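The next block holds one structure in the form of structure tokens; read it before the comments.
2 protein chains.
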Amino acid sequence: MYSIGEFSKLSGFTIKTLRFYHEKQLLEPSAVDPATGYRYYDNANIERARIIRQLRKMEFSLSDIRDILDKYDDQAEMLDYLEGHKKTIQAKIIQYQNVKKTIDNLIKNEKEAIMTMKDSGFEVEEKQVDPILVAGVRMKGKYSDCSVGFQKLGRAFGRYIKGKPLCLYYDAEYREEDADFEPCMPIKQHVEKEGFSVRQLTGGKCVCLLHKGPYDQLGRSYARILEYVKQKGLKMNCPTREVYIKGPGIILKGNPKKYLTEIQMFISD
Amino acid sequence: MYSIGEFSKLSGFTIKTLRFYHEKQLLEPSAVDPATGYRYYDNANIERARIIRQLRKMEFSLSDIRDILDKYDDQAEMLDYLEGHKKTIQAKIIQYQNVKKTIDNLIKNEKEAIMTMKDSGFEVEEKQVDPILVAGVRMKGKYSDCSVGFQKLGRAFGRYIKGKPLCLYYDAEYREEDADFEPCMPIKQHVEKEGFSVRQLTGGKCVCLLHKGPYDQLGRSYARILEYVKQKGLKMNCPTREVYIKGPGIILKGNPKKYLTEIQMFISD
DNA sequence: GATACAGCCTCCATCAAGGGGAGGGTCAAG
DNA sequence: CTTGACCCTCCCCTTGATGGAGGCTGTATC
Chain P
1443 MYSIGEFSKL SGFTIKTLRF YHEKQLLEPS AVDPATGYRY YDNANIERAR IIRQLRKMEF
1503 SLSDIRDILD KYDDQAEMLD YLEGHKKTIQ AKIIQYQNVK KTIDNLIKNE KEAIMTMKDS
1563 GFEVEEKQVD PILVAGVRMK GKYSDCSVGF QKLGRAFGRY IKGKPLCLYY DAEYREEDAD
1623 FEPCMPIKQH VEKEGFSVRQ LTGGKCVCLL HKGPYDQLGR SYARILEYVK QKGLKMNCPT
1683 REVYIKGPGI ILKGNPKKYL TEIQMFISD
Chain C
1443 MYSIGEFSKL SGFTIKTLRF YHEKQLLEPS AVDPATGYRY YDNANIERAR IIRQLRKMEF
1503 SLSDIRDILD KYDDQAEMLD YLEGHKKTIQ AKIIQYQNVK KTIDNLIKNE KEAIMTMKDS
1563 GFEVEEKQVD PILVAGVRMK GKYSDCSVGF QKLGRAFGRY IKGKPLCLYY DAEYREEDAD
1623 FEPCMPIKQH VEKEGFSVRQ LTGGKCVCLL HKGPYDQLGR SYARILEYVK QKGLKMNCPT
1683 REVYIKGPGI ILKGNPKKYL TEIQMFISD
């Protein structure tokens, strides 16, 4: 016969937990002093406690454990229970793996944005851009309708998306209304969908500039880039691209002052 | 302005949850009618609700979410939070994977025992046994002390164990006291440990019989097997092996009537 | 015998993240 | 004006414990 304190050390459960299990009729002391209410445990309780520990480690609920202890005396009879429980556990694993994937993506995106900003002196530079497979929706209207296009792309290509969103501008100059542009999302593999253009964008040499700040101030950066092009006597090709390195995030909309956009203008000498 | 019912549909939270979030000051309606207590939400609430949904999907706690919404307006500032949370999630994944592994093992063991029993007609038969790598503790004493040996093996070789426990009996006849035997555990790789003999057991031809029932009735099966050996004029070699296909389980001690033990006696003509 | 202190008791409250339901007030349409 | 849908607050329930208040009990020591 052990007092609750002794039994606590033997079983590895706290005193509180033992009282709780008693209340739940999961692990009942072999004797309770009717005068004092003191609980006393014996060796049979130790065995039962051991079983409960094992099952708790496997994340069985207390009611499941009571069920098991009541119904079964052989592990073979538990097979169904185990199979069912395994499915539950498996589902949780998958769920958490998805959460982890999401978080990893967020972290990766932010880190990339930070790196891009560090590497850039926010000066106009010439660089080589690789070809890229994208899905796009060509639109006419106001620039701000862009986001509608990205929403459509997100819904349609969700899991194929891999990379930063970008937008092609087909007008040779700035247009307030009735602009001709095409929001695009880089995708992992070729998938055709009604209403979207899926194709490989050609790479090539371009003049580019990283713009930091809200979209309505892109004009200043465009001015700088155009000046550079004029000075060097380069010839620009349509469409212009904007790559949204960091914009309104998936979670927080963020501070527009911190948005990062790369303007890419393809050139030929 | 939306009523709580409309906003519930817009945001995807139940009415109960919205009221709960209001109470927790996580998502407060833009207006509350002081006379009726009716809650009214606006578009800014929709955006905040969207953020909360995203973060809840990632299993952030409500207090974390409130923290994030209060402190940060840019995802980049959340990086530490995300990294910390990722670790938590990762830990859960590992934990659940371990649980799953344990359950898988239990299921596998029970299924194997069931298969073995189905395949066997509980008749004496001759078969070829493969060599096997084991860790063993040689002991002298009562058979029932066997379990002590297995406990030692379990503690010492825990994660290297792979297979059913077995025991070697070095006495030529049955001994109540002072028997000479060696509990063994099959292991995956050679690991030396003080006090244990780690070696490859040789395989070979043996006469064997599956015994179903408690260990104290093994005598009957031994009698059957010895009769067979005598009849066929075979020569037995020491030590005899008992393989515990199904004994007291890891969780439930089980019903001794269902225990399965294979007796293996190695023979040479 | 008194006292100190450890150990035990019951009862109540708390956590997270809501869900269920009772009992009662409110809104809009017919 | 009524009806039915909608909304309100308040309280209890879930799971698996944990923490604390206030009060007994048991044993050792002085």
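As you go down the protein sequences, you meet chains P and C in turn. Note that our numbering has the first sequence beginning at 1443, numbered continuously upward. Note that our numbering has the second sequence beginning at 1443, numbered continuously upward. Note that CB positions come from ideal geometry on N, CA and C, so glycine has one too. Computed from a predicted structure; not experimentally measured.
Check: Segments of 3+ residues assigned as beta strand (DSSP E) that fall wholly inside the stretch 1595–1654 of chain P; Outcome: 1608–1611, 1621–1628, 1639–1643 and 1646–1654
Check: C-beta atoms of residue 1541 of chain P and residue 1500 of chain C nearer than 7 Å; Outcome: yes
Check: Bounding residues of the alpha helix (DSSP H) (the contiguous stretch that carries residue 1578 of chain C); Outcome: Note, residue 1578 of chain C: premise wrong, no alpha helix (DSSP H); beta strand (DSSP E) at 1574–1578.
Check: Sequence-distant residues of its chain with Cβ nearer than 7 Å to residue 1630 of chain P (five each side left out); Outcome: 1602 and 1604
Check: Host beta strand (DSSP E) of residue 1704 of chain P (start-end); Outcome: 1702–1710
Check: Listed by chain order, chain C residues near residue 1521 of chain P by CB distance under 7 Å; Outcome: 1549 and 1552
Check: Cβ contact check for the stretch 1691–1710 of chain C and the stretch 1633–1649 of chain C: 3 or more pairs under 8 Å; Outcome: yes
Check: Residues near residue 1621 of chain P by beta carbon distance below 8 Å, same chain, minus five either side; Outcome: 1582, 1583, 1584, 1585, 1611 and 1613
Check: Pair within 7 Å by beta-carbon distance, residue 1628 of chain C and residue 1591 of chain C; Outcome: no
Check: One or two residues paired with residue 1487 of chain C in a DSSP bridge; Outcome: Answer by DSSP bridge pairing: none, since residue 1487 of chain C is not bridged.
Check: Candidates C:1511, C:1639, C:1551 and C:1526: closest to residue 1545 of chain P by CA position; Outcome: C:1526
Check: Counted within 10 angstroms of its Cβ, other Cβ atoms place residue 1473 of chain C as buried (16 or more) or exposed; Outcome: exposed
Check: Contact with chain P by residue 1487 of chain C, beta-carbon distance below 7 Å; Outcome: no
Check: Beta-carbon proximity check, residue 1482 of chain C vs residue 1443 of chain C, cutoff 7 Å; Outcome: yes
Check: Coil, strand or helix - residue 1554 of chain C by DSSP; Outcome: helix
Check: Other residues of its chain near residue 1530 of chain P: CB distance less than 6 Å, five sequence neighbours each side excluded; Outcome: none
Check: Pick from P:1579, P:1562, P:1516 and P:1453 that is closest to residue 1552 of chain C, judged by C-alpha positions; Outcome: P:1516
Check: Closer than 7 Å at the beta carbon, the chain C residues around residue 1716 of chain P; Outcome: The structure shown does not extend to residue 1716 of chain P, since chain P is modelled only from 1443 to 1711, so the question has no answer here.
Check: Presumed contact (8 Å Cβ cut-off) between residue 1666 of chain C and residue 1608 of chain C, rounded CB distance; Outcome: No, residue 1666 of chain C and residue 1608 of chain C are not in contact; Cβ-Cβ is about 20 Å, not under 8 Å.
Check: Whole-number beta carbon distance between residue 1471 of chain C and residue 1487 of chain C, since they are thought to touch under 8 Å; Outcome: 7 Å
Check: Under 7 Å from the C-beta of residue 1517 of chain P: neighbouring residues of chain C; Outcome: 1548, 1552, 1691, 1693, 1694 and 1696
Check: Inter-residue spacing [alpha-carbon to alpha-carbon] between residue 1690 of chain C and residue 1596 of chain C; Outcome: 14 Å
Check: Straight-line gap, residue 1446 of chain P to residue 1485 of chain P (C-alpha atoms, nearest Å); Outcome: 13 Å
Check: Host beta strand (DSSP E) of residue 1684 of chain P (start-end); Outcome: 1677–1688
Check: Backbone CA spacing between residue 1642 of chain C and residue 1567 of chain C [nearest angstrom]; Outcome: 24 Å
Check: Residue 1632 of chain C burial status per 10 Å Cβ neighbour count (16 or more: buried); Outcome: exposed
Check: Integer Cβ distance of residue 1594 of chain P from residue 1687 of chain P, believed to fall under 8 Å; Outcome: That belief does not hold up - the Cβ atoms of residue 1594 of chain P and residue 1687 of chain P are roughly 21 Å apart, past 8 Å.
Check: Bridge-paired residues (DSSP) for residue 1799 of chain C; Outcome: It is not possible to answer for residue 1799 of chain C, since the shown part of chain C is limited to 1443 through 1711.
Check: Which residues DSSP lists as bridging residue 1581 of chain P, in chain order; Outcome: P:1623
Check: Completely contained beta strand (DSSP E) runs for the stretch 1517–1565 of chain P, where each covers 3 or more residues; Outcome: none
Check: Neighbour flag for residue 1466 of chain C against chain P, beta carbons, 7 Å; Outcome: no
Check: Three-state secondary structure assigned by DSSP to residue 1448 of chain P; Outcome: helix
Check: Chain-ordered neighbours of residue 1555 of chain P on chain C, where CB pairs are closer than 8 Å; Outcome: 1518
Check: Bounding residues of the beta strand (DSSP E) (the contiguous stretch that carries residue 1569 of chain C); Outcome: 1567–1571
Check: Candidates P:1450, P:1679, P:1549 and P:1637: closest to residue 1523 of chain C by CA position; Outcome: P:1549
Check: C-alpha distance - residue 1587 of chain C paired with residue 1598 of chain C, whole-angstrom precision; Outcome: 17 Å
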